[in-house]
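**Student:**
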Amino acid sequence: MKSAYIHIPFCHHICHYCDFNKVFMKGQPVDDYLDALANEMKLTVKPEQDVFKTIFVGGGTPTALDERQLSKLVESIQELLNFHQEIEYTFEANPGDLSKEKLVILRDAGVNRLSFGVQTFHDELLKKIGRSHRAKDVFESIENAKAAGFDNISIDLIYSLPSQTKEDFIDSIKTALSLGLVHYSGYSLIIEPKTVFYNLMQKGKLPITSEDTEAQMYDTLIDQMEKHGLHQYEISNFAIPGYESRHNLTYWNNEEYYGFGAGAHGYVQGLRRANYGPLKKYMEPVNNGDLPIMSEHKVTREEQMEEEMFLGLRKTKGVSIRHFAKKFGINPTEFFAEQIKDGIRKGLLETNSDQIFLTRQGRMLGNEVFQSFIGVSNH
Amino acid sequence: MSREDRLNRQSKIRNFSIIAHIDHGKSTLADRILEKTNALTAREMKDQLLDSMDLERERGITIKLNSVQLKYKARNGEIYTFHLIDTPGHVDFTYEVSRSLAACEGAVLVVDAAQGIEAQTLANVYLAIDNNLEIVPVINKIDLPNADPERVRNEIEEVIGLDASEAVLASAKAGIGIEEILEQIVEKIPAPQGDPDAPLKALIFDSLYDAYRGVVTYIRVVDGTVKVGDKIKMMATGKEFEVTEVGVFTPKATPVVELNAGDVGFLTAAIKNVGDTTVGDTITNAKNGAVEALPGYRRLNPMVYCGLYPIDTAKFNDLRDALEKLELNDSALQFEPETSQALGFGFRCGFLGLLHMEIIQERIEREFKIDLITTAPSVIYDVIMTDGTEIKVDNPSNLPDPQKINRVEEPYVKATMMAPNDYVGAIMELCQEKRGIFIDMQYMDESRVNIVYEIPLSEIVYDFFDQLKSNTKGYASFDYELIGYKPSKLVKMDILLNAEKVDALSFIVHNDFAYERGKIIVEKLKELIPRQQFEVPIQAAIGQKIVARSTIKAMRKNVLAKCYGGDISRKRKLLEKQKEGKKRMKQVGSVEVPQEAFMAVLKMDDNHTKK
Chain H
1 MKSAYIHIPF CHHICHYCDF NKVFMKGQPV DDYLDALANE MKLTVKPEQD VFKTIFVGGG
61 TPTALDERQL SKLVESIQEL LNFHQEIEYT FEANPGDLSK EKLVILRDAG VNRLSFGVQT
121 FHDELLKKIG RSHRAKDVFE SIENAKAAGF DNISIDLIYS LPSQTKEDFI DSIKTALSLG
181 LVHYSGYSLI IEPKTVFYNL MQKGKLPITS EDTEAQMYDT LIDQMEKHGL HQYEISNFAI
241 PGYESRHNLT YWNNEEYYGF GAGAHGYVQG LRRANYGPLK KYMEPVNNGD LPIMSEHKVT
301 REEQMEEEMF LGLRKTKGVS IRHFAKKFGI NPTEFFAEQI KDGIRKGLLE TNSDQIFLTR
361 QGRMLGNEVF QSFIGVSNH
Chain P
1 MSREDRLNRQ SKIRNFSIIA HIDHGKSTLA DRILEKTNAL TAREMKDQLL DSMDLERERG
61 ITIKLNSVQL KYKARNGEIY TFHLIDTPGH VDFTYEVSRS LAACEGAVLV VDAAQGIEAQ
121 TLANVYLAID NNLEIVPVIN KIDLPNADPE RVRNEIEEVI GLDASEAVLA SAKAGIGIEE
181 ILEQIVEKIP APQGDPDAPL KALIFDSLYD AYRGVVTYIR VVDGTVKVGD KIKMMATGKE
241 FEVTEVGVFT PKATPVVELN AGDVGFLTAA IKNVGDTTVG DTITNAKNGA VEALPGYRRL
301 NPMVYCGLYP IDTAKFNDLR DALEKLELND SALQFEPETS QALGFGFRCG FLGLLHMEII
361 QERIEREFKI DLITTAPSVI YDVIMTDGTE IKVDNPSNLP DPQKINRVEE PYVKATMMAP
421 NDYVGAIMEL CQEKRGIFID MQYMDESRVN IVYEIPLSEI VYDFFDQLKS NTKGYASFDY
481 ELIGYKPSKL VKMDILLNAE KVDALSFIVH NDFAYERGKI IVEKLKELIP RQQFEVPIQA
541 AIGQKIVARS TIKAMRKNVL AKCYGGDISR KRKLLEKQKE GKKRMKQVGS VEVPQEAFMA
601 VLKMDDNHTK K
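Chains H and P, in that order, are what the protein sequence lines are.
Residues 1 to 379 in UniProt numbering are what the first sequence spells out, letter by letter.
Residues 1 to 611 in UniProt numbering are what the second sequence spells out, letter by letter.
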């Protein structure tokens, strides 16, 4: 059973916080890119063996493609990837980009999950962070999506945005919950280099949210979600039971996945791989029958164990002791005895008969725990 | 070689140093002299060749001494052997300057044609005159638009009292006047006077450790001759060795048959032990050696002390090795083991000044790859106890209970500052703030003033020089000398983190400033110590009395809650970076404290000045 991430690096607008691989769409060789993407899938996938349980098309902005381009993309995917009958097939969508026609194209191609980049419901803030959509677009898009038959819909929210108050964020949570969706993601803003925000910050022109406010926002998010029956299954993800994103869980479960497209990351046969980001660098090898791999790292057994921990602990369920022991032939409570004991002593970790997992406080301070599992085997 | 040959050769030797204020063009002049004497081909020529350590280049200062032998064909047709001995250019290194000067018969004094004499230059010229050196004045940078050579000529005559009528007008940068300088070196600086047949007397003015050859000692032969195979004795330590190599720097190390009275060069003798060569010692023959050692070399005591601790406690022995290696090249460095409750095992180290301390610290981190915690610098206090006994305290945490102390005395310096008269107010204000006592003020000419204060050394070692520079837009120059101890109302300020006293953070402060400083330091520490998983109270206390407090809030959120997609490597890197940052912190009790926090006491004046 396989998973695939497919990257569409085109955007009509670039958000002030985004450091993903992306370009302004205008004047780009979109069709050539879609061809190259198909070539890469052809080169990589073995149709007899590879049956896909999850596909996630992200960006950039996949919905920036026009109807013809979108059809071309989903047709390639349908042709080249063998779907499991219970596939989770997600498209990332920008509110306002999804016309009724596009929704039909996606639905007919087997897409069964949509993830909208809403970020906040405050139009002023949306403007400030460089988003092109407005709150009303969200309501409309979701209504249309539901009408087109999509019931597995998620939205992303971002907190600790510049000048965002705690009240602003609570408003956004409430509005989001009023939509009655099955899945929500809440991310905290990280200022990354090579973004508009980073440059503003360097000049001292970006109001930075304090750690205390950010913590309160995160606390509130967890509380509000739980109150409405959306349980936290990962640091940033909340779902009605049964609607957890299976694609994202492959990451946290430390399972393998393909990464297709410019700048995409994959984990295949024990190798963590990154594709070339620039379109030309990506397309050239692919069109010559070569893989567009920029870097590749063979994950050692020790690294695998570390990753099993720091990825697995992101899930509220945590890491299964039995599963770990079966996978690596050693009990994690033995291999990481010191780290686990220390985490428990600090009130950040807890264990039961089979699971090692973060406490509520541990979820707030996850990095403190994750770090402790890194580089252990080198010493 | 016969006695006559040796004496004849000796009469053609000229040993000299260059004295200059920083930025007045010493390094450029040294380069030009090397060029003019063809010591180097153009390809070998690197800018500022004598400053060989990276650190020196970066900071634009000379720390280590270097000596180089040059051949110069003078206008009279004779060929002369020059030994140019480089001198350090910072106030912390007065001692090293005195060592190199004692190996010379003359000095070239370089003064900037626009800026004139600076306090630092003045101090070094007096050192040279005290050593009976012949001075060759050079007015440099005459090609600059604001050059005023005649004013500077007068200044040299009036301020120093030298005859400057023949001072060379030069521009080292443009290559003007270089030959004239070389001619004056031949004419004015006397040849060395030693007796080549007398028992060997060679002065060690520097040394460095070479992994293959052992200790390389830089020497000036005063009397006698030394060659390979000679049995020699170090007069201070009494240790004996057999010479394995003698040579000169051209500037490459080049072996020679012998070094004679008057020569400057190096020798190796399979000396392995760091303690066997003391800079300032006299080398003589093992048998029938000189009776009396050479005078003049006086070991200067460190003025500033601090604790150096490895962050990784397992590196204590590595740190000892590093200090031993550095000590070999740096006779002013002192260290002995000490223990801190907060920091574990480390060393209390003595330095000539703050710059010296920073350089050693940086070299240990850079060359020996040991991450360090440096405690705030301290001077040596004389503590007279109620029972009449007297103790010396170089570590603030060792200051006894106030009840047992009769009085505390602290070292004072005479500080001489020179600046344009517009800055007199700023300088006086700074000196008052630093508990200075006004001594004298004199006008050098219509626009330049020489100001003298007596200031506690402890105030100087912090950031006095930096503040002086910034308060006078860099125009003031500064020199100081120790003048002795005076009683002061001093108290020990302890710092408590999470209710535990951290000995490494204690400092000594004047009673009148104690409250204010306590307040500043707890705020500063709050800035410097990152949030921990629990709230950490910070308190400043004198004895049992808390004089200031502040609180580091508990860490509230530290979890990557960003959508990273499948880029796990990036996530790993981020966590690795966070972990790496932690490794550079010291666990003190239950609190993780970064390096900078231990120097917080130095940063207090940032706030102080802003206020």
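A virtual CB, placed ideally from N, CA and C, is assigned to each residue, including glycine.
Computed from a predicted structure; not experimentally measured.
1) Less than 8 Å between the CB atoms is what I'm expecting for H/T63 and H/N94, so what's the real figure, rounded?
2) Leaving out five residues before and five after P/Q595 in sequence, what residues of the same chain have Cβ atoms less than 6 Å from its Cβ?
3) I need the straight-line Cα distance from H/S76 to H/S372, nearest angstrom please.
4) Using CA coordinates, which residue listed in H/M294, H/K136, H/A176, H/R113 is at the minimum distance from H/A264?
5) Could you pull out every residue in the same chain whose Cβ sits closer than 6 Å to the Cβ of P/E592, ignoring the five residues on either side in sequence?
6) Could you work out which residue in P/R363, P/E338, P/M418 is closest to P/D394 when comparing CA atoms only?
7) What in chain H is Cβ-close to P/S569, meaning under 8 Å?
8) Less than 8 Å between the beta carbons of P/P310 and P/G346, yes or no?
9) Beta-carbon within less than 6 Å of P/H608's beta-carbon, same chain only, minus the 5 sequence neighbours each way: which residues are those?
10) Can you give the Cα-Cα distance for P/E4 and P/K71, rounded to whole angstroms?
11) Please compile the residues from chain P whose C-beta is within a distance smaller than 9 Å of the C-beta of H/Q371.
12) Would you verify that the beta carbon of P/K565 is, or is not, closer than 8 Å to some beta carbon of chain H?
13) Compile a chain-ordered list of the residues in the region 538-565 of chain P whose CB is closer than 9 Å to at least one CB of chain H.
14) If I'm right that P/G25 touches P/N146 with Cβ under 8 Å, what's the distance once you round it to whole angstroms?
15) When the Cα atoms are used, what is the spatial distance from P/K519 to P/M493?
16) Put H/H12 into one of helix, strand or coil per three-state DSSP.
17) Are P/L267 and P/V226 touching if we call contact CB-CB under 8 Å?
18) P/H21 by DSSP, collapsed to three states: which one?
19) Tell me, which residues are paired with P/T339 by DSSP?
20) Is DSSP giving P/A499 helix, strand or coil here?
21) Compute the distance between the beta-carbons of P/R348 and P/F368, then report whether it is under 8 Å.
22) Would you mind working out which of P/I160, P/P190, P/I455 sits nearest P/Q10, comparing C-alpha positions?
23) Could you check the C-alpha separation between H/V138 and H/S185 for me, to the nearest Å?
24) Tell me which residue opens and which closes the alpha helix (DSSP H) that P/Y423 is part of.
25) Can you have a look at P/T375 and say buried or exposed, based on whether 16 or more other CB atoms are within 10 angstroms of its CB?
26) Report the neighbours of P/Q533 on chain H: residues whose CB is nearer than 9 Å to its CB, in chain order.
27) Just to confirm, are P/I370 and P/K325 a CB contact at a threshold of 8 Å?
28) Taking Cβ positions only, does H/D212 come closer than 8 Å to chain P?
29) Given this structure, state the Cα-to-Cα distance separating P/A114 from P/A103, to the nearest angstrom.
30) Can you tell me the Cα-Cα spacing of P/E56 and P/Q361, whole angstroms?
31) Check distances from the C-beta atoms of the region 213-237 of chain H to those of chain P and list, in chain order, the residues that come in under 7 Å.
32) Taking all protein chains shown into account, decide if H/M309 is buried (16 or more other Cβ within 10 angstroms of its Cβ) or exposed.
33) Can you say whether H/P241 is buried or exposed, counting buried as having 16 or more other CB atoms within 10 angstroms of its CB?
34) Return the CA-CA distance between P/N260 and P/N15, expressed in angstroms with no decimal places.
35) Is DSSP giving P/C306 helix, strand or coil here?
36) Roughly how many angstroms lie between the CA atoms of H/Y159 and H/Y187, to the nearest whole one?
**Tutor:** Quick look at the numbers:
1) With 8 Å as the limit, H/T63 and H/N94 qualify as a contact, their Cβ atoms being about 5 Å apart.
2) Taken in chain order, the residues that qualify are I373.
3) 43 Å
4) H/M294
5) M585
6) The option with the nearest alpha carbon to P/D394 is P/E338.
7) H265, R272, A274, H297
8) yes
9) Any answer about P/H608 is weak, because its pLDDT of 44 lies below 50 and its placement is not dependable; what the coordinates show is given next. Once the five neighbours on either side are set aside, P/H608 has no close Cβ partner at all.
10) Rounded to the nearest whole angstrom, the CA to CA distance from P/E4 to P/K71 is 21 Å.
11) Neighbours of H/Q371 on chain P, chain order: L575, E576, Q578, K579, K582.
12) According to the sequence displayed, residue 565 of chain P carries Gly and not Lys. Yes, P/G565 counts as interfacial toward chain H.
13) Taking 9 Å as the upper bound on Cβ-Cβ separation, chain H lies near residues K553, M555, R556, K557, N558, V559, L560, A561, K562, C563, Y564, G565 of the region 538-565 of chain P.
14) That belief does not hold up - the Cβ atoms of P/G25 and P/N146 are roughly 15 Å apart, past 8 Å.
15) 11 Å
16) If DSSP states are grouped into helix, strand and coil, H/H12 belongs with coil.
17) yes
18) Coil, per DSSP.
19) P/T339 pairs with P/F345.
20) The DSSP-derived three-state label of P/A499 is coil.
21) no
22) P/P190
23) Looking at the two C-alpha atoms, the distance is approximately 15 Å.
24) Taken as a continuous stretch (DSSP letters only), P/Y423 belongs to no alpha helix (DSSP H), as it is neither H nor E.
25) When all chains shown are included, P/T375 counts as buried.
26) K346, G347, L348, Q361, L365, E368
27) no
28) Answer yes: the Cβ-Cβ gap between H/D212 and chain P drops below 8 Å somewhere.
29) 31 Å
30) Because P/E56 carries a pLDDT of 47, less than 50, the predicted location of this residue cannot be relied on, and the following value inherits that uncertainty. Cα atoms of P/E56 and P/Q361: separation of roughly 14 Å, rounded to the nearest angstrom.
31) E214, A215, Y218, I235, S236
32) buried
33) Burial call: exposed.
34) 13 Å
35) strand
36) 6 Å
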